[in-house]
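First up is the structure itself, then whatever we jot down about it.
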Amino acid sequence: MSKEIVAFCCQHSAYPAADLAGKSGLRYAENVRIIRVPCAGRIDVIHILKAFEKGVAAVLVLGCEEGACHHITGNDRAKERVKYAEMLLKEVGADGGRVKMYNLSPNAPHKFVKILDEVSKKIADEEKQK
Amino acid sequence: MEKEIGIFLCNCGGGIKNIDFDAVREKLVQISDVAFVAVSSALCLEEGKGTIVSTIKDKGVEKVVIAACSPEFTEHTFGEVLEKAGLNRHLLAMANVREQCAWAHQGDVTKKAIQLIKMAVNRARLLQPVQKKELPINKDVLVIGGGFSGLNIALQLSRLGLRATVLEKEAVLGARLGEAESFSSCDMGPMISEVESDDNIEVLTSAQLVRIEGNVGNFSVRIQKAGEEIPRKYGAIVVATGYRTQLMASSEPDSGGKILSQAELCRMLAAQSLEKQPRTVGFIFDFADENSRFPTLATLDNALAAKEKWDSEVYVFCKSVKVDSKGAEKLYREARARGIVFLKCETPPKVLAKNGRVEIQAQDILMGEDTVFACDVLVAEQQILPAEDADILSSLLNVGRDSKGFYQDENVHLYPVALERKGIFVVGGCRGDLDGGRVLSDISSAVMSIYELLSPGKIVVDSEKVKANPQKCVACLTCFRVCPHSAIQLMRAENEKEVAQVADAACDACGICAAICPAKAISFEGYTDEQIVAQIEALGTS
Amino acid sequence: MIIAERKLMEEIKRLVAPFKKVLVAGCGTCVAVCWAGGEKEVGILASQLRLARNAEGNKITVLEATVERQCEKEMVLELKDKVAEVEAVLSLACGAGVQTMAELFEDKPVFPAVNTTFIGKPEKEGLWTEMCGACGDCFLDRTGGVCPVVRCAKGLLNGPCGGTRKGGKCEIDPEKDCAWVLIYRRLEKQGRLALMREYNPPKNYRAVKRPGRIQAVKA
Amino acid sequence: MAKPFREILKTKEFIVTAEAGPGKGSNVSKIVEHIELLRDKVHALNVTDNQSSVMRYPSLGVCLLIKEHGGEPILQVTCRDRNRLAIQADLLFAHSRGINNVLCLTGDSIDVGDHKEARQVFDLDSVQLIHLVHTLNSGKDMAGNELDGATDFCIGTSATPSADPIEPQLIKVEKKLKAGVNFIQTQAVYELDELKRFVEFVRKIDEKVKILGGIVPVVGAKMATYMNENVPGIFIPQRIIDELAQAPKGTGVAKGIEIAARMIREIKERKVCDGVHIMFIGREEKVPEILKAAGLL
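Residue numbers (the working numbering), protein chains in the order written: chain L, 5 to 134; chain V, 2 to 543; chain F, 21 to 239; chain G, 125 to 421.
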């Protein structure tokens, strides 16, 4: 089984979008592990680093669309922290590209699935090159 | 290891086919502190709930993991079931094995299901109870702004038995609406007298809010009137300060009253005897803000009035008449029917004051070349802008504004009248360029929200779900600065040092503060760092 | 308060390269307030070290601890047992903390993991600017409360220099205000420009005999 | 032997000084060429002191060369590289070798130079330096000790007439004037009315001080924008940049000279101030062309 992808999903947007994907019969990669959080702004750099310490393939932070965050600044702060985490990972020689932030709205299951397919395809290609 | 965790699996009445629940059960019973793993077919139905309560009671577990459908729908009901079984509702961790596991993938997903449940078990192990708490609240309402919206809200609240204070910056109520923007807009007189005679409503004119503390249910404010500050307490606050219009008259000097605002035109229309009724009337609108609502209605309304009263030739220079307000389309069709000429231009027409008349050069798209019109009277475009003191009030209330400077009109979660601070509502013109219909719906939804909030006389909150630990807090003020809901204050408890304190009533449980706190002093029960990392620890095990 | 900034990772990696077990020690006062060395940064640095060494296949065990103030002997001694377990200590405290730790545990190398930069204040959330250089002979009464000794790039006592940029910005950095333009605006607002016209003689740069020692009255 | 600069300051003549920038190295042949070229064409020759904080052959050294070649040097002293002991020692040495014109400057910051990690001194600033020279002239050192042999310096300083905001700069000039200076050589000036306003301000405080307008020719639009960004105290207005941009390729230098000469003629004819100070660092050999174009040669 290929390595897991951790997806921190904001309960106002990404988590319901994931549910909707399941309900509407959309399929996506099986190695995704969704962790529910009250807001993308709850995720801090340490959670991302701990996930990589555990050896996951990638970490995604999925929050509300820009300007439509239930908590106004949650998704902007998450974006800054993901950028900071990317820098910290690059500093230690890990692949910074493996942590990404995406924005989606609760009624966007197709976008949720597209994101996951895109990420797992990118990882699969990189694994093949190694 | 004391067996304190009970796991309930639900196969959703056979709806979940690609998970082997027996295999799952076999794997999970091996976890040392798991007391039992019960498989059921419909946990959400009465019978299922009954088995949960009885199993918890006789097995005496302290934490419950339920692997079933999405917590978005059932977490609430299962919380109540736990309470029936004598457990705190927060000691529940759910694993979404249906939408995000069984239905999301082809083929057998038993392994993933087991891992998701293990993640939930790791989280459940660390869960702590969160008690409910009732906070008494003040049922009075402060309405800032004595215009159309403000007065309406005060009246409707009074009918619902809630007392309101109307704060008006000017010396008299409804001052700004004296210059009615459109000829048919209602007269404010009766409404003002009704407010002044209503003993549920206290009117404070030439008064301004200068200080505000506390949060929903218990705002304590300072109102400045006649030089002295009156301290007051309120449960909710409504901002109804309206907007400001700015005439977009071109730079030429106003040549002898030929270029007017909508209000000035209305006064001319209302005047009985008019020595020379203007033969041609021109209107310009729609160039500053394409989807303007109130200016559109006012222009159509006044154009029709000018046609009826003076039977003058009426030209309307516009970009694209957007009729999204109620009744706007009807007005537009009527205007066309009455022979009012609509000239569509891409760029705003040039206005020149020449030999006593107003000349307008417009590049009419349909005719394709520059045409010049002369009018006796031109009504220039009026742009809707936020009130002058909007930024003082917004920094006082610590609430954000949208790109154009109006209060919150873009955030879909707060639409239409809520703000990011609980207990503060925003209604009418101060929220943007709204037509009458939208203002009225704003008013009723604000009144309903306030009534729902204040009428019980108390607020039930999660007590200390998000808590700043006084020992670890270094009072660096970061949380105070980042909290989008202004729910964190710096408090000095008795003789302790000053530390951050989260107000349970105002906290909207987002966790931004818990993530950014440099001293790891803020814990967010249910989503503490340990509880999030514990779920990560369950990865890579299968 | 004292402002510090975390050292770059490759420098820290080099410091702990020879060791298998280290302690990352945070401080809960100044460096916590300026997001450089508090408990959160301890967690991040520890996690980065583990990731880095895992990538090199040279595992490292990292203990984490944060004390209230690392410049207090009694508080630092709370780490006695953890220091005993490790081969080296990475201190996220300011220079004072690192040296207090080094003095108390002389048998183990103690390395700084942050660079102590200046005494300053937050301009806004997450941005700190220098305010004071601890020169030992405070000059603020002469300048309306703006310190030219550290906020002017050249520390001039009779400013501004000829190089001020348009809009009163500093010669070396268009982002920074020229201290003397700030002083001019402040004194003008207070109607005390005469103070700025007075000649300031050369400063006593030895007011504090370095290294400084201050003996309070024996209470 | 050129007339002492102090004497020239007493006359009503239109004073012209130029600036020589020493090279980076001990070979002085090039700077000697410039001295030979300029010594009889200008009233005095300034020598920069590690200009733009770039380490070079010392100002004191070139001043000695100028003396040896019969020119009239103006020693430039900045406060960046030496503390009060070193400055006083250098001034005693300079005076003893007949160099008695000194330009007191604050000096550019280390950050704009080529030794960006050096420790900058700034023990004194330009105003304090002027006071220091007066003290040495009165036969005492800064600590109040008697000197065996006082100095007798003719003291100059600089100023930035086009600083924005200008008021703080004028307060500093006021302090310099109250400390007592014989001449002022301003930073580069491109707007005559700024220079005029500056001169009026100075005249209100000190009638006698001679003011020389700083002329820094610009040799191309790209160079102009570069200088605006990186050279402290330089504010080249857009109109001059446009004029330079229109100059056909390759004629940048000639255009720069033409503009500079035009500026000098205007200053002279309209008696805006007492003279000019030409700073054409790196192209000292072009200075005679400017003087000719401005009708001063």
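We put the beta carbon where it would ideally sit given N, CA and C, even for glycine.
Span of the alpha helix (DSSP H), counted from its first residue to its last, around residue i
i              : result
residue 122(V) : 111 to 126
residue 183(G) : 183 to 192
residue 212(G) : 208 to 220
residue 176(V) : Per DSSP, residue 176(V) belongs to no alpha helix (DSSP H) and is neither H nor E.
residue 192(V) : 190 to 198
residue 163(F) : From DSSP, residue 163(F) is part of no alpha helix (DSSP H); its letter is neither H nor E.
residue 257(F) : Because chain F in this structure spans residues 21 to 239, residue 257(F) falls outside the shown range and cannot be described.
residue 299(V) : 295 to 311
residue 157(V) : 149 to 160
residue 480(V) : 479 to 483
Proximity test, residue i beta-carbon vs the ligand ADP heavy atom, cut-off 7 Å
i             : result
residue 73(L) : The ligand ADP is absent from the structure shown, which contains no ligands of any kind.
N- and C-terminal bounds of the beta strand (DSSP E) containing residue i
i              : result
residue 152(F) : 147 to 152
residue 26(F)  : 22 to 26
residue 103(L) : 103 to 107
residue 11(V)  : 6 to 11
residue 309(G) : 307 to 312
residue 32(F)  : Run containing residue 32(F): none in the beta strand (DSSP E); it sits in the alpha helix (DSSP H), 29 to 36.
Residues that DSSP places opposite residue i in a beta bridge
i              : result
residue 200(G) : 227(G)
residue 97(V)  : 69(V)
residue 164(G) : Bridge partners of residue 164(G): none, in fact.
residue 401(G) : 141(G) and 338(G)
residue 62(L)  : 9(L)
residue 131(G) : Partner(s): none; residue 131(G) has no beta bridge.
residue 371(V) : 364(V)
residue 492(V) : 500(V)
residue 280(V) : Paired residue(s): none; residue 280(V) is not in a bridge.
residue 189(F) : 185(F) and 197(F)
residue 108(F) : 42(F)
residue 229(V) : 226(V)
residue 460(V) : 136(V)
residue 132(F) : 111(F)
Within chain V, the residues that residue i reaches when beta carbons sit closer than 9 Å
i             : result
residue 55(F) : 477, 479, 517 and 519
Neighbouring residues, chain L, relative to residue i (Cβ below 8 Å)
i             : result
residue 29(F) : 92, 95 and 96
Contact set between residue i and chain F, taken where Cβ atoms lie within less than 7 Å
i              : result
residue 357(G) : 182 and 183
residue 233(G) : 173, 174, 191 and 192
residue 57(L)  : 67, 70 and 71
residue 482(V) : 145
Chain-ordered neighbours of residue i on chain L, where CB pairs are closer than 7 Å
i              : result
residue 485(V) : 75, 76 and 77
Contact list for residue i against chain V, beta-carbon separation under 8 Å
i             : result
residue 58(F) : 475, 519, 520 and 521
residue 49(F) : 475
**OP:** Please determine if the segment 284 to 296 of chain G and the segment 129 to 140 of chain G are in contact, where contact requires at least 3 C-beta pairs separated by less than 8 Å.
**Re:** no
Subject >> Stretch pair the segment 201 to 210 of chain V + the segment 218 to 227 of chain V: three plus CB contacts closer than 8 Å >> reply: yes
Original post:
Between the segment 82 to 104 of chain L and chain V, which residues of the former have a C-beta closer than 7 Å to a C-beta of the latter?
Top reply: none
Original post:
Are the segment 384 to 401 of chain G and the segment 360 to 367 of chain G in contact at 8 Å, needing three or more beta carbon pairs?
Top reply: no
**OP:** Identify each residue in the segment 410 to 422 of chain V for which the Cβ-Cβ distance to at least one residue of chain F is less than 7 Å, and report them in chain order.
**Re:** none
Subject >> Inter-stretch contact at 8 Å, needing at least 3 Cβ pairs: the segment 26 to 45 of chain F / the segment 80 to 87 of chain L >> reply: no
Original post:
If you pair each beta-carbon of the segment 144 to 163 of chain G with each one of the segment 209 to 216 of chain G, do three or more pairs fall below 8 Å?
Top reply: no
**OP:** Would you list, in chain order, the members of the segment 22 to 55 of chain L that have their beta-carbon closer than 7 Å to a beta-carbon of chain F?
**Re:** 49, 50, 53 and 54
**OP:** Report the residues of the segment 94 to 123 of chain V with a CB closer than 9 Å to any CB of chain L, ordered along the chain.
**Re:** 95, 97, 99, 100, 101, 102, 103, 104, 105, 106, 107, 108, 110, 112, 113, 116, 117 and 120
Original post:
Taking a cut of 9 Å between CB atoms, which residues from the segment 134 to 158 of chain F lie near chain G?
Top reply: none
Original post:
Taking three-plus beta-carbon pairs below 8 Å as touching, is the segment 509 to 523 of chain V in contact with the segment 100 to 111 of chain L?
Top reply: no
Original post:
With contact counted as at least three CB pairs below 8 Å, one residue from each stretch, are the segment 149 to 158 of chain V and the segment 448 to 464 of chain V in contact?
Top reply: yes
Original post:
If you measure beta-carbon to beta-carbon, which residues of the segment 268 to 296 of chain V are closer than 8 Å to chain F?
Top reply: none
**OP:** State whether the segment 66 to 79 of chain L contacts the segment 16 to 31 of chain L, with contact taken as three or more CB pairs (one from each stretch) at a distance under 8 Å.
**Re:** yes
Original post:
On the three-pair Cβ rule with 8 Å, is the segment 82 to 91 of chain F touching the segment 145 to 153 of chain F?
Top reply: no
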